[in-house]
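Numbering (the working numbering), first residue to last: -3 to 423.
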């Protein structure tokens, strides 16, 4: 948080909430009122009763996402409860609208029983085109998402898991290209074996990674431990390494999802040549870039902060993923859709950066390389690239409910919606 912003300013900003409801059709006469409500509203009701798919046509469902939490794992704040989490969920809804034009409504549910929470979310399905689960603690979050994906017919994504995974995978794809490393031969250390850590490790496996070492509060997740839940056990290796220091020795990549200051200069010095470090603890990462620079100059590094290069920011993911999913009426968000999002971000980072993006970051030079692996959130082209990639993947994987999908036409529509001029909508 910038030091120039005071607590009073922040509280005034949030006063009255950050989202509202807007009317999208005229309601200025008796005739309008008759169409908006009774008796006219009966006509779309009967049409939807006859054909449920028309719910996407005659309501706002095609552009409405539920941001749902029980407040048990709010980023940086922990289990603060449903009500206290509401400002965060409102903020998430703001980002949906600002970056992708998606209407989102926050729903804070005072329920910690996973089975009851699943039932509540399932019962909300007729209202929404998608569900963004948020800030639900592990391991319950895994089960809740998995079950909802099985029993609902709309896209469901727990952003704490998959948002970080998608963005860091994009960065890793480009880091591999720049360093010439082979994912299958890398030693990857993931510090933090919660929702995001497990999801990241799973996506890295899709890239071909074979040696992924999870480190939790008790040390290395290895096959000799008998205190592992099923999600951690999935990554338990037969290894003699026990401590973080052991794991970091010779590592090609470190992903930090833990706490400030956990990684030392000595650990960084012990890593393999040209290492990749994503230190994502916020607001202070596991190790600061300037500290890393004291011991070596061959590191490719990212953090969760906007004041350092390669910011891993989940806003690069969820608004655009749901935009693409909603626009083809997807029934799920698949692994292929998530990887398509990551590859789209990786590809966009190689494109020339518009001046308006550079201006938003103080006029600094931004071009593909060690300090620019991931696009910036204010790059309007993210919507064009990522949403189109997600929509196409949904259609190709058979989870879209549209009869046909014109990739070039969809990109052209997104570009027009953003006021962007593109010579080739298929580029």
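Every residue gets a Cβ at the ideal spot worked out from N, C-alpha and C, and that includes glycine.
Practice item. Determine, using beta-carbon pairs with one atom in the stretch 281 to 293 and one in the stretch 141 to 150, whether at least three such pairs fall under 8 Å. Key: no
Exercise for review: State yes or no: is the C-beta of residue 340 within less than 8 Å of the C-beta of residue 385?
Suggested key: Residue 340 sits at position 344 when you count from the first residue of the chain shown. Residue 385 sits at position 389 when you count from the first residue of the chain shown. Yes, Cβ-Cβ distance for residue 340 and residue 385 is below 8 Å.
**Study point:** C-alpha distance - residue -3 paired with residue 29, whole-angstrom precision
**Key:** Your numbering for residue -3 matches position 1 in the chain shown. Your numbering for residue 29 matches position 33 in the chain shown. Note that residue -3 scores 44 on pLDDT, short of 50, meaning its location in the model is unreliable and no value can be drawn from it.
Check your understanding: Going by C-alpha distance, which of 32, 48 and 274 is nearest residue 19?
Key -> Within the chain shown, residue 19 is the residue found at index 23, counting from 1. Measuring from the Cα of residue 19, the nearest candidate turns out to be 32.
**Study point:** Within 8 Å, strictly: CB atoms of residue 224 and residue 316
**Key:** Numbered from 1 along the chain shown, position 228 holds the residue referred to as residue 224. Numbered from 1 along the chain shown, position 320 holds the residue referred to as residue 316. Result no, Cβ atoms of residue 224 and residue 316 do not sit closer than 8 Å.
Review point. Could you check where the alpha helix (DSSP H) with residue 343 kicks off and where it finishes?
Key: What you label residue 343 is simply residue 347 of the chain shown in a count that begins at 1. Its alpha helix (DSSP H) spans residues 331 to 344.
Check your understanding: What residues match up with residue 368 in a beta bridge as DSSP calls it?
Key -> Position 372 of the chain shown, counted from the first residue, corresponds to residue 368. 365.
Review point. Does DSSP put residue 162 in a helix, in a strand, or in coil?
Key: Position 166 of the chain shown, counted from the first residue, corresponds to residue 162. Helix, per DSSP.
**Study point:** Spatial neighbours of residue 403 in its chain, beta-carbon cut-off 6 Å, leaving aside the 5 residues before and after
**Key:** Numbered from 1 along the chain shown, position 407 holds the residue referred to as residue 403. Result list for residue 403: 388, in chain order.
Practice item. Give the secondary structure of residue 32 by DSSP, where H, G and I count as helix, E and B as strand, and everything else as coil. Key: Taking the first residue of the chain shown as 1, we reach residue 32 at position 36. Note: residue 32 maps to helix in three-state DSSP.
Practice item. May I ask you to report which of helix, strand or coil DSSP gives residue 411? Key: On the chain shown, position 415 is the one that residue 411 refers to. Three-state result, residue 411: helix.
Review point. What beta strand (DSSP E) runs, 3 residues minimum, are completely inside the stretch 227 to 259?
Key: 249 to 252
Practice item. Give the DSSP bridge partners of residue 167, in chain order. Key: In the chain shown, counting from the first residue as 1, residue 167 sits at position 171. Its beta-bridge partners do not exist; DSSP assigns none.
Review point. What are the boundary residues of the alpha helix (DSSP H) that includes residue 3?
Key: As a first step, residue 3 must be located in the chain shown, where it is residue number 7. First-last of the alpha helix (DSSP H) with residue 3: 3 to 10.
Check your understanding: Quick one: what does DSSP say residue 142 is sitting in, helix, strand or coil?
Key -> By one-based count along the chain shown, residue 142 stands at place 146. Looking at residue 142 - three-state DSSP - the assignment turns out to be helix.
Review point. Can you tell me where the alpha helix (DSSP H) with residue 263 in it begins and where it stops?
Key: Taking the first residue of the chain shown as 1, we reach residue 263 at position 267. Counting along the chain, the alpha helix (DSSP H) containing residue 263 begins and ends at 261 to 265.
Review point. Straight-line CA distance for residue 183 to residue 257?
Key: Sequence index remark: in the chain shown, residue 183 carries index 187 (1-based). Sequence index remark: in the chain shown, residue 257 carries index 261 (1-based). Approximately 22 Å, taken between the alpha carbons.
Check your understanding: Looking at C-alpha atoms only, which residue of 233, 196, 331 and 204 is the closest neighbour of residue 276?
Key -> Locating residue 276 in the chain shown gives position 280, counting from the first residue. Taking only the C-alpha atoms, the option nearest residue 276 is 196.
Practice item. Answer yes or no: do residue 149 and residue 63 have a C-beta to C-beta separation smaller than 8 Å? Key: Here the question's residue 149 lines up with position 153 in the chain shown. Here the question's residue 63 lines up with position 67 in the chain shown. The answer is no: Cβ separation not under 8 Å.
Check your understanding: At what residues does the beta strand (DSSP E) containing residue 118 begin and finish?
Key -> Working through the chain shown from its first residue, we reach residue 118 at position 122. It is not in any beta strand (DSSP E) - residue 118 instead sits in the alpha helix (DSSP H) that spans 110 to 119.
Review point. Is the stretch 164 to 181 in contact with the stretch 228 to 240, if contact means three or more CB pairs nearer than 8 Å?
Key: no
Point to revise | Between the CA atoms of residue 414 and residue 376 - distance to the nearest angstrom | key: Here residue 376 refers to the residue found at position 380 of the chain shown. Here residue 414 refers to the residue found at position 418 of the chain shown. Roughly 7 Å separates the two Cα atoms.
Practice item. Would you kindly check if the distance between the Cβ of residue 312 and the Cβ of residue 171 is under 8 Å? Key: Here residue 171 corresponds to residue number 175 of the chain shown, with the count starting at 1. Here residue 312 corresponds to residue number 316 of the chain shown, with the count starting at 1. It is not a contact, given that the beta carbons lie outside the stated cut-off.
Check your understanding: Would residue 126 pass as a contact of residue 321 if the rule is Cβ separation under 8 Å?
Key -> As a first step, residue 126 must be located in the chain shown, where it is residue number 130. As a first step, residue 321 must be located in the chain shown, where it is residue number 325. Yes. Within cutoff.
**Study point:** Delimiting residues of the beta strand (DSSP E) encompassing residue 311
**Key:** By one-based count along the chain shown, residue 311 stands at place 315. Neither: residue 311 is in no beta strand (DSSP E) and is coded neither H nor E.
Practice item. With DSSP as the reference, please indicate the residues paired to residue 128 in a beta bridge. Key: Within the chain shown, the letter at position 132 stands for residue 128. DSSP, once it has assigned bridges, lists 63 and 153 as partnering residue 128.
Exercise for review: With DSSP collapsed to three states, give me the class of residue 210.
Suggested key: Translated into positions along the chain shown, residue 210 becomes position 214. The answer is strand: DSSP assigns residue 210 an E or B state.
Review point. Can you name the residues that DSSP bridges to residue 299?
Key: Within the chain shown, residue 299 is the residue found at index 303, counting from 1. According to DSSP, residue 299 bridges with 275 and 307.
Check your understanding: On the three-state DSSP scale, how would you describe residue 397?
Key -> On the chain shown, residue 397 is found 401 positions in, with the first residue counted as 1. Residue 397 falls in the coil class under three-state DSSP.
Practice item. Mind the definition here: the stretch 330 to 346 touches the stretch 357 to 373 only if three or more C-beta pairs lie below 8 Å; say whether that holds. Key: yes
Practice item. Determine the direct distance from the alpha carbon of residue 332 to that of residue 392, and round the result to whole angstroms. Key: By 1-based counting over the chain shown, the position of residue 392 is 396. By 1-based counting over the chain shown, the position of residue 332 is 336. So the two alpha carbons sit approximately 9 Å from each other.
Check your understanding: Taking Cβ to Cβ, would you say residue 67 is nearer than 8 Å to residue 80?
Key -> Numbered from its first residue, the chain shown carries residue 67 at position 71. Numbered from its first residue, the chain shown carries residue 80 at position 84. In this structure, residue 80 lies closer than 8 Å to residue 67 by Cβ.
**Study point:** Backbone CA spacing between residue 278 and residue 186 [nearest angstrom]
**Key:** Counting from 1 along the chain shown, the entry for residue 278 is found at position 282. Counting from 1 along the chain shown, the entry for residue 186 is found at position 190. Looking at the two C-alpha atoms, the distance is approximately 16 Å.
Check your understanding: Is residue 308 near residue 283, with beta carbons less than 8 Å apart?
Key -> Counting from one through the chain shown, the residue named residue 308 turns up at place 312. Counting from one through the chain shown, the residue named residue 283 turns up at place 287. Not in contact: residue 308 and residue 283 (Cβ atoms no closer than 8 Å).
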